[in-house]
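When we follow my numbering, the leftmost residue of the sequence shown carries the number 46, and every step to the right adds one. For each residue, glycine too, the CB sits at the ideal point set by N, CA and C. Here the structure is laid out as structure tokens; the discussion comes afterwards.
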Amino acid sequence: DQTLFAGDSGNDMQVLTSSIPSVLVANAAVDVKAQAVTDAQASGNRDALYLAKGDYPGMNGNYSAGIIEGVAHYIPESSAWLNGNDQHE
């Protein structure tokens, strides 16, 4: 089983900066992004924090699009399914 946390605001900071794989969606405020990166680095968990960029095909990284981008980042094998290229029925 895999766990992925997604957040967008300061009330998510404790989990975003923990060792739990997390995605901070692109529409998060600039100050929240900066604090998340700083705190994750300070706690040695920077590798567990992914900042959605909006570069996933056809998506802008905001809201649920950022979560999907994070899933593709942490679970690369999900990309075929997310793109509709999965051969499984």
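Q | Residue burial classification, E114 (beta-carbon count within 10 angstroms, cutoff 16) | A | Under this definition E114 is a buried residue.
Q. Are the region 80 to 88 and the region 99 to 117 touching by the rule of at least three beta carbon pairs closer than 8 angstroms?
A. No: the two stretches stay apart, fewer than three of their Cβ pairs being nearer than 8 angstroms.
Q: Please say whether V70 and A97 have beta carbons closer to each other than 8 angstroms?
A: A97 places its beta carbon less than 8 angstroms from that of V70.
Q) Given that a residue counts as buried once 16 or more other Cβ atoms are within 10 Å of its Cβ, and exposed if not, what is T62? A) Buried, by the Cβ-count rule.
(Q) Within the continuous beta strand (DSSP E) that includes L49, where are the two ends? (A) Note, L49: premise wrong, no beta strand (DSSP E); not H, not E.
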